[in-house]
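Here's the structure, in structure tokens; my notes come after.
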Amino acid sequence: HTQSCPTSKATGSSFSTVTSACVRYLAFLWNLLFLLLGLLALAVGVWGLLAKGSLREDGLAPLGSDPMLLFVLVGLGATVTSLAGCLGALRSSPCLLHFFVGAVLAFAGLEVLGGLLLLVARGRLRDALRDALLLCLLRYQEEPDLRFLVDEVQRSLGCCGLGSYRDWEANPYFNCSAPGVQACSVPASCCLDPGQNGTVANVQCAFGVLRLGDVAASAVVHLGGCLAQLGAWLRGQAGGIAAGAAVLVLLEAAGVLMALKVLRDIRG
Numbered sequence: 045h046t047q048s049c050p051t052s053k054a055t056g057s058s059f060s061t062v063t064s065a066c067v068r069y070l071a072f073l074w075n076l077l078f079l080l081l082g083l084l085a086l087a088v089g090v091w092g093l094l095a096k097g098s099l100r101e102d103g104l105a106p107l108g109s110d111p112m113l114l115f116v117l118v119g120l121g122a123t124v125t126s127l128a129g130c131l132g133a134l135r136s137s138p139c140l141l142h143f144f145v146g147a148v149l150a151f152a153g154l155e156v157l158g159g160l161l162l163l164v165a166r167g168r169l170r171d172a173l174r175d176a177l178l179l180c181l182l183r184y185q186e187e188p189d190l191r192f193l194v195d196e197v198q199r200s201l202g203c204c205g206l207g208s209y210r211d212w213e214a215n216p217y218f219n220c221s222a223p224g225v226q227a228c229s230v231p232a233s234c235c236l237d238p239g240q241n242g243t244v245a246n247v248q249c250a251f252g253v254l255r256l257g258d259v260a261a262s263a264v265v266h267l268g269g270c271l272a273q274l275g276a277w278l279r280g281q282a283g284g285i286a287a288g289a290a291v292l293v294l295l296e297a298a299g300v301l302m303a304l305k306v307l308r309d310i311r312g
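Written out as structure tokens, the structure is:
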């Protein structure tokens, strides 16, 4: 009976050691996954900036207005944080693990703050969304990624412009007073059948449509604007967005708990 106690303690100590090692390597793999995702987002952002820089003739467009900058910032933040978590778990570094925990908590705080802003300032956010869409409309020809985004929204939602298809008159290239061939036109993504019965893409399907009346234009393009359609789509996706946010918070919580367990094992 007296010899069973040391054996029990040794077994418990061995189990604790194995558990600590498992948690440490699990934390490493968890952070490695997010490190790869962060590098992917960073690469996409940098590639987008470089590709657009080669397409832009003047090269003077402000970097802060470029949507690809969001990929760079998110990718950089995720890469630095996950790298700290990887090295901290692998090398049992309290400094790196503390940095990782603090960074993840900071990101979680920003996410909570963003969620509260969505609830409290919905009216202002709606106005901000309208301003952003108006900017996309005005800079349609100048920004390739904005043009891609606008075309995808108009095609997928079956809409044209903000409030109606006539909003495209505000674009300097589509305005009826413009000197080019696109005068009094709208993008081909507004067309009811932009692909000529699904065969060959017809980029001129909406040329001159702003000269037509609403009845004649309705046979060529979608008349309704995208703002209301986009708002309805976002409301319909609210459940999925909330579920995605909950999964993200759980993943962040799992990472923090694993890092805290490794820190506790280092101290103990």
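Take the position in the sequence shown, starting the count at 1, then add 44; the result is the number in the working numbering.
Ideal placement from N, C-alpha and C gives every residue a C-beta, glycine not left out.
What you are looking at is a predicted structure, and each value in this text was computed from that prediction instead of being measured.
Under the criterion of beta carbons closer than 8 Å, LEU141 and LEU181 do not qualify as touching, at roughly 48 Å. In this structure, ALA303 places its C-beta atom within 8 Å of the C-beta atom of PHE144.
The Cβ-Cβ distance between THR125 and ALA147 falls below 8 Å. No Cβ-Cβ contact shorter than 8 Å links PHE218 with ALA133. Residue pairing by DSSP places CYS235 opposite VAL265 in a beta bridge.
Around VAL264, the same chain offers VAL253 as residues with beta carbons nearer than 6 Å, after the five sequence neighbours per side are excluded. As computed with DSSP, SER208 is found in a beta bridge with GLY268.
Unbroken beta strand (DSSP E) runs of no fewer than 3 residues, entirely contained in the segment 154–205, are not found. Counting every other CB atom within 10 Å of its CB across the protein chains shown gives VAL116 a total of 16 or more, marking it as buried.
Counted as a single uninterrupted DSSP element, the stretch harbouring LEU256 is not any alpha helix (DSSP H), since DSSP gives it neither H nor E. If you compare the alpha carbons of GLY159, LEU178, THR123 and SER262 with that of VAL293, the shortest gap goes to GLY159. Between the alpha carbons of VAL247 and GLN226 lies a gap of roughly 11 Å.
Distance from CYS249 to ALA232 at the Cβ level is roughly 5 Å; contact confirmed, criterion being Cβ atoms closer than 8 Å. Inclusion of ARG199 and LEU190 in the CB contact set at 8 Å is not warranted, their separation being larger than that value.
Short of 8 Å from the beta carbon of TRP277, and not among the five residues preceding or following it, lie these beta carbons of its own chain, in chain order: LEU201. CYS234 and ARG210 have their C-alpha atoms roughly 11 Å apart. Around GLY119, the same chain offers GLY82, LEU83, LEU84, ALA85, LEU86, ALA87, VAL88 and GLY89 as residues with beta carbons nearer than 8 Å, after the five sequence neighbours per side are excluded. Contact annotation: SER208 and GLY275 have beta-carbon atoms that are not nearer than 8 Å.
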